[in-house]
Amino acid sequence: MRRFLLFAAGVTVGVIVVLKGRELVTKKLPAAVTEQVNKQATGVFDRITEFASEARAASAERESELRDALGLVEDRDSQPTHD
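So that you can map any letter, position 44 of the sequence shown is 43 in numbering that gives the first Met the number 0, and since no number is skipped, the others follow by simple counting.
Dropping the structure here:
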């Protein structure tokens, strides 16, 4: 009889642990998923920002090379302003 009571108590504790574990995972999982998505989105945004910055720098460098090759002089004072 004692073994049966210990067995029943063990099964009860096991069921309670599994149910509470599922409840805890259900509560925490959406937050973890949201955090993971935010980290990935931030990483993508950083890579896009870095790419855009590098593209602007490369474009300015290439424009300068083309101006030198064509003999154009950069005179920002003589360019019309758009006020």
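All residues carry an ideal CB built from backbone N, CA and C; glycine is no exception.
The structure displayed is predicted, hence computed values, not measured ones.
Pull up the distance between the alpha-carbon of residue i and that of residue j, whole angstroms please.
i, j, result
"L65", "T33", "47 Å"
"A59", "A30", "43 Å"
"Q39", "L71", "45 Å"
"A68", "E62", "10 Å"
"V17", "V43", "37 Å"
"I15", "G9", "10 Å"
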